[in-house]
Amino acid sequence: IKLNRQANAEKEKFIGLFHNIQDAILIYSKEGRILEINDSLLKLFGLERSSALAKKIGDFSIVTLKEGQHVRNG
Numbered sequence: 001i002k003l004n005r006q007a008n009a010e011k012e013k014f015i016g017l018f019h020n021i022q023d024a025i026l027i028y029s030k031e032g033r034i035l036e037i038n039d040s041l042l043k044l045f046g047l048e049r050s051s052a053l054a055k056k057i058g059d060f061s062i063v064t065l066k067e068g069q070h071v072r073n074g
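Each residue of the sequence shown is one higher than the last, beginning at 1 in our numbering.
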């Protein structure tokens, strides 16, 4: 019972961090289905949680930069 309570406390801590961190984060399956999405990513893309969870990872425009690269506007 004690281990179960500790596991639940750790899970709640993770969920709190996941949803409140300022970085945009999502969790997806190997098939690309969105499993969970945090509030920062919802705000960044202007999405509601229910519509975001209906998407696949390929539906998002995500730029990955290597160290030293910069995004140029225009």
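Ideal placement from N, C-alpha and C gives every residue a C-beta, glycine not left out.
- Can the beta-carbon of Leu44 be found less than 8 Å from the beta-carbon of Glu36? no
- Message: Buried or exposed, going by whether 16 or more other CB atoms sit within 10 Å of the CB of Asn38?
- Response: buried
- Just confirm the distance between the C-beta atoms of Ile34 and Lys11, as a whole number of angstroms; I'd bet it's less than 8 Å. Actually they are not in contact, since the Cβ atoms of Ile34 and Lys11 sit about 20 Å apart, beyond 8 Å.
- Message: Could you compute how far the alpha carbon of Asp59 sits from the alpha carbon of Leu41?
- Response: 13 Å
- Could you give the distance in angstroms between the alpha-carbon of Arg5 and the alpha-carbon of Gly46? 36 Å
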